[in-house]
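Numbering (the working numbering), first residue to last: 7 to 61.
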């Protein structure tokens, strides 16, 4: 499956709202149940925690 990160998953930069970027990304990706997500972060696996069914 091919998809563009620019649309519909784009995340518009906003002033700090108290929500981490990975939380916004996870929120956008939750509905894409057929995607497998690779969490290549800094070792804390935050996306993996929020998207356990996408790994």
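From the three backbone atoms N, C-alpha and C, an ideal C-beta is built for every residue, glycine too.
From which residue to which residue does the alpha helix (DSSP H) around residue i run?
{"i": "residue 54", "result": "52–56"}
{"i": "residue 28", "result": "27–35"}
Sort the options by Cα distance to residue i and report the nearest one.
{"i": "residue 59", "options": "27, 49, 29, 37", "result": "37"}
Less than 7 Å between C-beta atoms, sequence neighbours within five positions excluded: which residues of the same chain meet that for residue i?
{"i": "residue 51", "result": "45"}
Do residue i and residue j have their CB atoms nearer than 8 Å?
{"i": "residue 35", "j": "residue 25", "result": "no"}
By Cβ distance, which residues of its chain are closer than 6 Å to residue i, with the 5 residues on each side in sequence left out?
{"i": "residue 56", "result": "32"}
Can you list, in chain order, the residues of its chain whose CB lies under 8 Å from that of residue i, leaving out five sequence neighbours each side?
{"i": "residue 63", "result": "Any question about residue 63 goes unanswered here, given that the chain covers just 7 to 61."}
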